[in-house]
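Report on the following structure.
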Amino acid sequence: MDVQITTQAIRNLSCDALIVAAARKGVGQEVLLAKTATTVDGLLGGLIHERCTDGEFKGNPGEILIIHPMERLAATRIIVVGLGDLQKIDSQTVRRASATAARHLQNTGAHQIVLAIDVHSDRLGAAQEIQAQLEGALLGLYTFRIYQQAENNSNGKGISHIKLLAEEANKVEFEQAIHKARILAGATNLARDLINEPPNVLTPSELANRASTMAKEVGLECEVWNKAKIAELSMGGLLGVSQGSAEPPQFIILRYHGAPDSGKGMALVGKGITFDTGGISIKPAEHMDAMKGDMGGAAAVIGAMQAIAKLQPPINVTALIPTCENMVSGTAYHPGDILRIMNGKTIEIVNTDAEGRLILADALSYAAREGLSPIIDVATLTGGIVIALGSTMVGLFCNDECLTSEIIAAGRLAGEKYWPMPLDDEYNEQIKSDIADIKQTGGRAASSVTAAKILEHFIGDAKWAHLDIAGTSYLDSKKPYQEKGGAGVGVRTLAELVLQLAHNP
Ligand code: BES
Ligand code: ZN
Ligand code: ZN
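Taken in order, the sequence shown gives residues 0 to 504; the numbers are from numbering that gives the first Met the number 0.
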C-alpha cells in the first residue's frame, strides 16, 4: 500500500474517493460535520447538510453517505462516514469509521482514496487521529485469500493508494503518526496471517521458520530449540503435550536488545499450539477447525516483536514461544499421567485438552530462571474466558496493580479492551492434587481463574500478567476492522506497553 501525506487544497484533490466524517451532538440530535466535511459541503453548496436535515444520513457509527460531486471537486466520490455521539469519539471510533469506508470502497473500483476524518475532539489529538485513520484502513482492508484463485480474489484490483490530509505545520508530526500506524497495522496483519494459515501448513516447525524469517528482516536475534534441546532442559510440559504428534515440538526465542547496558529486561510468552484436537480427551468435531487458531498467543508475540524491532524502544525484550500440536495417537499423553515441568514441579494430568498451561509452565519457568521481569504471557487458554467476556474483552490476570493499569492503558491506545480478573489464593484449593504438586485443572467453576493459578506456580518472583485471548483472538463473524478468523488481538497492546515501559520503567 502506498501511503502519503497531502497538503493540497480540497477542491483540487483528485482521487477516486474522499472520505470525510460527521458526528451527532447527542442521541436524536443534529448532525455535525467535521472540518473537511464542512469545507466539502461549502464547495457542494450545502448538499451534505441537506442530506442530514432531510434524514437520509444521521451520522451514526457504521453509516455512510455517498455523494458524486460531478465537476465541483476533483474527487470522483465523497464518502461521509458517521462517528456517532461527539462526546464519545475516541481513536477507536475513528479506526472503525475509516475501516468502514475503506471496506465499502474496496470492491467499487476505487484505487486512490483520501482520508480526511478530522473532528479534533478534546479526547483525540490530531496526530492520534491520523494514526487511527490509517490503522483502521489498513486493518479493515486485510483479507486472507492466498489459497483462492484470482477470480475469487479482489486483491490488486482494490485500493492501492491512501493519502492523509495535513497542513504544512503538522506535517512532521503526522509523518511519525503514519510511520507508527503502518508498523502496528502491519504487525497485526502478520499475526492474522499466522493464525489464518491452515494447520497442515503452519506446523510448529513452520511457525519457527516464519518467526526466524521475520527476525532476519527486522534485525532480531532468533534461536529455535529442537526436541533434543527441549529434553535437555527438562521441559516436561512441552514434551508431554507434543508426544502424540508426528510433528516435533519447537521452542522459539526472539531477542530485542534496545538497552544493551541495562538489565535482562522483560519477557513476552505466547501459547503456540498449532492445532488443538484436545488429545485423548478429544474435542467435539463441530468447530474443531477453529483450533488452528490455538497459536494466537504466539502470533501476537511474533507480531509485537516485529513492531518493537521497527519502533526501537530503549528496553530489552525476550520472546519465548513453546509450540507443538495436541494430537490423538498411540503415543499421546494420557489423563492420569504426571508431568514434571522445567522448574521441578509436577502436574497431575486430568484432561489432555488443558494443554496450554503445560507448555506455558515450561516457558514461564525458563523466563523466571533467566530473571526476566515483567513477564507477559498471551494465550488462547480457556473456554471459561469465552463464557465470561465473549469476543469483546481480553481476560487480564496480573499480580501487580501498576502493571494492570499499564496494560489497560496500552489497550486503550491500541483499541483493545482488557478486563481484570482475580487471582485470589482461595482458588488454589481447586487445583490441589493427591499425588502431584498440583492438579492440571480445577473443574468447571472459574476455570479461567484456576488456569491462571496454575501458571502462577511457574513465575518465581517476577511481575507477571496473563492475557487470556481465547474469546478475542479468532472471530466467527466480522467486526468493523476485523475479518472473520484471526483478529491479531494483543499485538498493538503489547507494542504500546513495551513503548510505555521503555520510557517509564
Ligand atoms: N485451546 C483451548 C481453549 C479455547 C477454547 C481457545 C475456545 C479458543 C476458543 C484450550 O486448550 C482448552 O481446550 N481448554 C479447556 C480446558 C478444560 C478441558 C479444562 C477449556 O477451557 O474448556
Ligand atoms: Zn485444549
Ligand atoms: Zn488449547
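Note that CB positions come from ideal geometry on N, CA and C, so glycine has one too.
{"query": "Can you name the start and end residues of the alpha helix (DSSP H) that Glu-174 belongs to?", "result": "170 to 195"}
{"query": "Check whether the Cβ atoms of Gly-81 and Gly-54 lie closer than 8 Å to each other.", "result": "no"}
{"query": "Going by CA-CA distance only, name the one from Arg-411, Val-490, Gly-135 that's closest to Arg-94.", "result": "Gly-135"}
{"query": "Is DSSP giving Arg-254 helix, strand or coil here?", "result": "strand"}
{"query": "Output needed for Phe-274: all residues of its chain with C-beta closer than 8 Å, excluding positions within five of it in sequence on either side, in chain order.", "result": "Pro-198, Met-290, Lys-291, Asp-293, Glu-324, Asn-325, Met-326"}
{"query": "Have a look at Thr-142, Ala-73, Val-118 and flag the residue whose alpha-carbon is nearest the alpha-carbon of Ala-101.", "result": "Thr-142"}
{"query": "Who are the Cβ neighbours of Ile-229 in its own chain at under 7 Å, not counting the five residues just before and after it?", "result": "Leu-237, Leu-238, Pro-248, Phe-250"}
{"query": "Could you check whether Ile-453 and Arg-356 sit closer than 8 Å to each other, using their CB atoms as the reference points?", "result": "yes"}
{"query": "So, at 6 Å on beta carbons, what are the nonlocal neighbours of Leu-412 in its own chain, with the 5 sequence-adjacent residues on each side left out?", "result": "Glu-495"}
{"query": "From Ala-450, Ser-404, Asp-433, pick the residue whose C-alpha is nearest to that of Gly-383; which is it?", "result": "Ala-450"}
{"query": "Could you name each continuous alpha helix (DSSP H) segment of 4 residues or more that falls completely within the region 397 to 433, going from the start of the chain to the end?", "result": "400 to 413"}
{"query": "For a test of your reading of the model: does the CB of Glu-285 fall under 7 Å from any non-hydrogen atom of ligand 1? Yes or no.", "result": "no"}
{"query": "Grab the span of the alpha helix (DSSP H) containing Leu-205 for me, first residue to last.", "result": "The sequence given here has Glu at residue 205, not Leu. Glu-205 -> alpha helix (DSSP H) spans 203 to 217."}
{"query": "Kindly indicate which three-state DSSP category Asn-154 falls into: helix, strand or coil?", "result": "For Asn-154, the predicted model reports a pLDDT of 48, less than 50, meaning its position is unreliable; a value from the coordinates is still stated below. Coil."}
{"query": "Hey, Ala-125 and Asn-169: beta-carbon distance below 8 Å or not?", "result": "yes"}
{"query": "Helix, strand or coil: which one does DSSP assign to His-160?", "result": "strand"}
{"query": "Between which residues of its own chain and Val-2 is the CB-CB distance below 7 Å, once the five residues before and five after are set aside?", "result": "Leu-133, Ile-161, Ile-177, Arg-181"}
{"query": "What would DSSP say about Leu-85, mapped onto helix, strand or coil?", "result": "helix"}
{"query": "Verify the contact flag: Gly-277, CB atom, against every heavy atom of ligand 2, threshold strictly below 7 Å.", "result": "yes"}
{"query": "Can you name the start and end residues of the alpha helix (DSSP H) that Ile-320 belongs to?", "result": "No alpha helix (DSSP H) holds Ile-320; the beta strand (DSSP E) holding it covers 315 to 325."}
{"query": "Going by the beta-carbon positions, is the gap between Val-377 and Ala-306 smaller than 8 Å?", "result": "no"}
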